[in-house]
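Protein chains: 2
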Amino acid sequence: MDELALFFVGTGGSVPTPRRGLPAVVVRFGGERLLFDCGEGTQRQLMQLGMFGEFESIFITHFHADHWLGIPGMLKSFALREREQPLTLYGPRGLGDLMRTMSVVYGRLPFELGLVELEPAQSVERDGYAIAAIPVAHGERTAFGYALIEADRPGEFDPRAAEHLGITPGEDFGRLQHGETVDGVRPEQVMGPPREGRKVVFSGDTAPCGALVVASHRADVLVHEATFADAELERARETSHSTARQAAEVARDAEVRLLALTHISSRYSGREVRDEAREVFSATEVPRDFDEIEVLFPERGPAVLVRGSEREARAGGRSRQKGDPAELAPADAEPVQPPEHAHEGITSP
Amino acid sequence: MDELALFFVGTGGSVPTPRRGLPAVVVRFGGERLLFDCGEGTQRQLMQLGMFGEFESIFITHFHADHWLGIPGMLKSFALREREQPLTLYGPRGLGDLMRTMSVVYGRLPFELGLVELEPAQSVERDGYAIAAIPVAHGERTAFGYALIEADRPGEFDPRAAEHLGITPGEDFGRLQHGETVDGVRPEQVMGPPREGRKVVFSGDTAPCGALVVASHRADVLVHEATFADAELERARETSHSTARQAAEVARDAEVRLLALTHISSRYSGREVRDEAREVFSATEVPRDFDEIEVLFPERGPAVLVRGSEREARAGGRSRQKGDPAELAPADAEPVQPPEHAHEGITSP
Numbered sequence: 293m294d295e296l297a298l299f300f301v302g303t304g305g306s307v308p309t310p311r312r313g314l315p316a317v318v319v320r321f322g323g324e325r326l327l328f329d330c331g332e333g334t335q336r337q338l339m340q341l342g343m344f345g346e347f348e349s350i351f352i353t354h355f356h357a358d359h360w361l362g363i364p365g366m367l368k369s370f371a372l373r374e375r376e377q378p379l380t381l382y383g384p385r386g387l388g389d390l391m392r393t394m395s396v397v398y399g400r401l402p403f404e405l406g407l408v409e410l411e412p413a414q415s416v417e418r419d420g421y422a423i424a425a426i427p428v429a430h431g432e433r434t435a436f437g438y439a440l441i442e443a444d445r446p447g448e449f450d451p452r453a454a455e456h457l458g459i460t461p462g463e464d465f466g467r468l469q470h471g472e473t474v475d476g477v478r479p480e481q482v483m484g485p486p487r488e489g490r491k492v493v494f495s496g497d498t499a500p501c502g503a504l505v506v507a508s509h510r511a512d513v514l515v516h517e518a519t520f521a522d523a524e525l526e527r528a529r530e531t532s533h534s535t536a537r538q539a540a541e542v543a544r545d546a547e548v549r550l551l552a553l554t555h556i557s558s559r560y561s562g563r564e565v566r567d568e569a570r571e572v573f574s575a576t577e578v579p580r581d582f583d584e585i586e587v588l589f590p591e592r593g594p595a596v597l598v599r600g601s602e603r604e605a606r607a608g609g610r611s612r613q614k615g616d617p618a619e620l621a622p623a624d625a626e627p628v629q630p631p632e633h634a635h636e637g638i639t640s641p
Numbered sequence: 293m294d295e296l297a298l299f300f301v302g303t304g305g306s307v308p309t310p311r312r313g314l315p316a317v318v319v320r321f322g323g324e325r326l327l328f329d330c331g332e333g334t335q336r337q338l339m340q341l342g343m344f345g346e347f348e349s350i351f352i353t354h355f356h357a358d359h360w361l362g363i364p365g366m367l368k369s370f371a372l373r374e375r376e377q378p379l380t381l382y383g384p385r386g387l388g389d390l391m392r393t394m395s396v397v398y399g400r401l402p403f404e405l406g407l408v409e410l411e412p413a414q415s416v417e418r419d420g421y422a423i424a425a426i427p428v429a430h431g432e433r434t435a436f437g438y439a440l441i442e443a444d445r446p447g448e449f450d451p452r453a454a455e456h457l458g459i460t461p462g463e464d465f466g467r468l469q470h471g472e473t474v475d476g477v478r479p480e481q482v483m484g485p486p487r488e489g490r491k492v493v494f495s496g497d498t499a500p501c502g503a504l505v506v507a508s509h510r511a512d513v514l515v516h517e518a519t520f521a522d523a524e525l526e527r528a529r530e531t532s533h534s535t536a537r538q539a540a541e542v543a544r545d546a547e548v549r550l551l552a553l554t555h556i557s558s559r560y561s562g563r564e565v566r567d568e569a570r571e572v573f574s575a576t577e578v579p580r581d582f583d584e585i586e587v588l589f590p591e592r593g594p595a596v597l598v599r600g601s602e603r604e605a606r607a608g609g610r611s612r613q614k615g616d617p618a619e620l621a622p623a624d625a626e627p628v629q630p631p632e633h634a635h636e637g638i639t640s641p
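Quick note, the sequences are listed as chains A and B, same order.
Be aware that the first sequence starts at 293, since it is given in our numbering, and climbs by one per residue.
Be aware that the second sequence starts at 293, since it is given in our numbering, and climbs by one per residue.
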């Protein structure tokens, strides 16, 4: 079973704050890592998460600077560290021109940089999943949300039915589950109907958007922007952003299982945003930087928000047993720094 | 008497680390704020220092991305916050082209952006001080260090000499000290010789450099890069950088009062770099992000390194009395973050 988890690398919007970095989310899906958006400072946030450089795809929602300006410096850092693994950037039309303009920052790269401009509704097919570009409503230029759609999983195997049909438990059970016919028994005789894969949707920046409601239908997690509170509805409309209440309405209409609000402005506390959304849609969370959402298979339970602080508490205990560098350093030479400095892991203590 | 202090906003080099951001130093000089270099992520580091946007000049040493890539995003943030105060960028020839290329990031600005390309050895004259561009040795393109040179101060007033010449203590003392002749007594009769102002020099990135030794002669503080340890001497030479030992030799030859090493690579701990330099030049410090150096008038004592952690301890006490937002937030809604998140001030606890 493939683990699927979202790591919120930066949860602010437009302008960073001391609490919230600019937009970036890492999706860890089995052995793969995908980055969605990459605002200024993302490379350092990734280092603090212990996830720097571990991905080969970056999906950019649109070209407002807070969503991509972390890329050129990160490419330069990869070059300085002599990365060899190819990296592919995906985004709306214009991506190639933008990155060529930015090559003044990163110069020649020692690895292959792919630049893929997606058309609205185009899908990137991967082994076991696809990522679809959803056209959203954020000004005149094309802006995307993205839906990560896991392929259908085989139905549930019924061991009693198989034994009833004369199959001996053991290897033959496995062969049936992998789609082989065994002694005349066909897989569909002992397997339930295919089960839907999981789905995670990122809104990018957008006004409330019908295409997103459709794409998010029964998603396990919808990560939606909530740049404004409802008191600023008019301003949200003018700037093609959403209020927390509007994001919650999208989540409700799409019947998603969990709504995670992000792109939080420095105007608001996470609590204000959360409380407003929960009036409409109770399964709402407002992750902070370094928080994680584990997306379980539906039959295992709902997606779960894990605070970075909780993970750090666990990891910190382990790392200290192995000899925390901060504890080994003499206090007069390199005193202990706050957690994000002292540990290789995550920030919150 | 004007306060002169350096705030180390980012002390890493080339690639950020969890501990060290990319190069940036704020100089606070009386009521003015000057920023020297501005790597990616500087705007957020400045927010954590409580110094975001409080300056009207940025001096760029050279055009490797780690020294300027924080500017375009910061300009965008200023625009979003509707800054009106003009901002002037200074740097080597090429600054204008670079910033025009980067305008794809920040678009139209609601404030005046000045772009001033300096010639080697050119000075920017300000009220009471000057900033001189020092040509340093960092590859083929022009790279600068900068010397901030305070104007000479008047000599010391001798009240006994004045009384001896028939001047009555009070207003007339002040008039003499401000350069007026009083009852036939000329200021030079009662004032000592002019006293040298303070001097702070930034090396930028450079191999050991004669021009820097000359410019740094008897400087109060020399902020010098130390990208490598001496074991990597050959690599330092190839990349036109300095080792910690070489930086210390510059400081020794220039007879500076305090050497502050920066542009520290993730390869080394601050302690290694410091110990190597101190073998050559004992008055060496290796500031961390958010540390401060107070530059006193020479007769008041040497420049002093103040750890961010010490300042935070003082400020934290005060801010909590005023009602720390982290303490007011209910634990289940917006739990207390690590110090750099919880406080408006600096990072280290």
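Ideal Cβ placement from N, Cα and C applies to all residues, glycine included.
Output the distance between the C-alpha atoms of D497(A) and L379(A), rounded to the nearest integer angstrom. Approximately 24 Å, taken between the alpha carbons.
Taking the alpha-carbon of G489(B) as reference, which of Y421(B), R544(B), H555(B) and A528(B) has the nearest alpha-carbon? Y421(B)
Roughly how many angstroms separate the alpha carbons of L514(A) and R563(B), rounded to a whole number? 46 Å
Alpha carbon to alpha carbon, what distance is there between L390(B) and A607(B)? 39 Å
Where H516(A) falls: helix, strand or coil (DSSP): strand
Does the beta carbon of M339(B) come closer than 8 Å to any beta carbon on chain A? yes
With a Cβ-Cβ cutoff of 8 Å, do A297(A) and I585(A) count as a contact? Yes.
Please report the Cβ distance between Q335(B) and G365(B), rounded to the nearest whole angstrom; I am assuming they are in contact, meaning their Cβ atoms lie under 8 Å. 6 Å
Same chain, Cβ closer than 8 Å to G362(A), neighbours up to 5 away in sequence not counted: L314, A316, C330, G331, E332, G333, T334 and Q335
Counting pairs of Cβ atoms below 8 Å between the segment 525-543 of chain A and the segment 446-457 of chain A, do you hit three or more? no
For I459(A), which three-state DSSP category applies? coil
Taking a Cβ distance cut-off of 7 Å, strictly less, list which residues of the segment 338-362 of chain B are near chain D, in chain order. Note that chain D does not occur in the displayed structure, where the protein chains are A and B.
Does the contact criterion of 3 or more C-beta pairs under 8 Å hold for the segment 576-584 of chain B versus the segment 595-605 of chain B? yes
Can you confirm whether the segment 565-575 of chain A touches the segment 533-540 of chain A when touching is taken to mean that 3 or more C-beta pairs between the two stretches lie within less than 8 Å? Under the 8 Å Cβ criterion, the segment 533-540 of chain A counts as touching the segment 565-575 of chain A, having at least three qualifying pairs.
With 8 Å set as the bound, which would you pick, yes or no: does the beta-carbon of L440(A) sit closer than that to a beta-carbon of chain B? no
Who pairs with T535(A) in a beta bridge, going by DSSP? F520(A)
Using 8 Å as the limit for Cβ to Cβ distance, is E571(A) near chain B? It does not: the Cβ of E571(A) has no partner Cβ on chain B nearer than 8 Å.
Taking only the alpha-carbon atoms, compute the straight-line gap between R312(B) and L588(B) and give it to the nearest angstrom. C-alpha of R312(B) to C-alpha of L588(B): approximately 26 Å in a straight line.
Please confirm whether R336(A) has its beta-carbon closer than 8 Å to some beta-carbon of chain B. Yes, its Cβ sits closer than 8 Å to a Cβ of chain B.
Between the CA atoms of T554(A) and S508(A) - distance to the nearest angstrom: 16 Å
Output yes if chain B places a C-beta closer than 8 Å to the C-beta of V307(A); else output no. yes
Candidates P579(A), P590(A) and E591(A): which alpha carbon is nearest E602(A)'s? P579(A)
Environment of G302(B) [buried if 16+ CB atoms lie within 10 Å]: buried
State the Cα-Cα distance for the pair E324(A) and F347(A), rounded to the nearest angstrom. 7 Å
The segment 366-375 of chain A in contact with the segment 390-409 of chain A per 3-pair CB rule at 8 Å: yes
Pull the bridge partners of I352(A) from the DSSP assignment, please. Per DSSP, I352(A) has no beta bridge partner at all.
What is the DSSP secondary structure of T576(B), reduced to helix, strand or coil? strand
When I352(B), V319(B), H356(B) and H359(B) are compared against F344(B), the one with the closest alpha-carbon: V319(B)
When Cβ atoms are compared, which residues of the segment 554-585 of chain B fall closer than 8 Å to chain A? S561, G562, R563, R566 and R580
Within chain B, partners of G333(A) - CB distance below 7 Å: Under the 7 Å cutoff, chain B gives E332, G333 and R336.
Compare the Cα-Cα distances from P500(B) to each of A523(B), V428(B), F436(B) and R549(B) and report the closest residue. For the residues A523(B), V428(B), F436(B) and R549(B), the minimum Cα distance to P500(B) belongs to V428(B).
Partner residues on chain B for L390(A), Cβ-Cβ distance less than 8 Å: V396
Just how far apart, CA to CA, sit D239(B) and E517(A)? The structure shown does not extend to residue 239(B), since chain B is modelled only from 293 to 641, so the question has no answer here.
Could you tell me whether the Cβ of R612(A) comes closer than 8 Å to any Cβ of chain B? The predicted position of R612(A) is uncertain, since its pLDDT is 37 and thus under 50; no value can be drawn from it.
Within-8 Å CB hit, L372(A) to chain B: yes
Using a Cβ cut-off of 8 Å (strictly closer), state whether C365(A) contacts chain B. Note that residue 365(A) is Gly in the sequence shown here, rather than Cys. Yes, contact with chain B.
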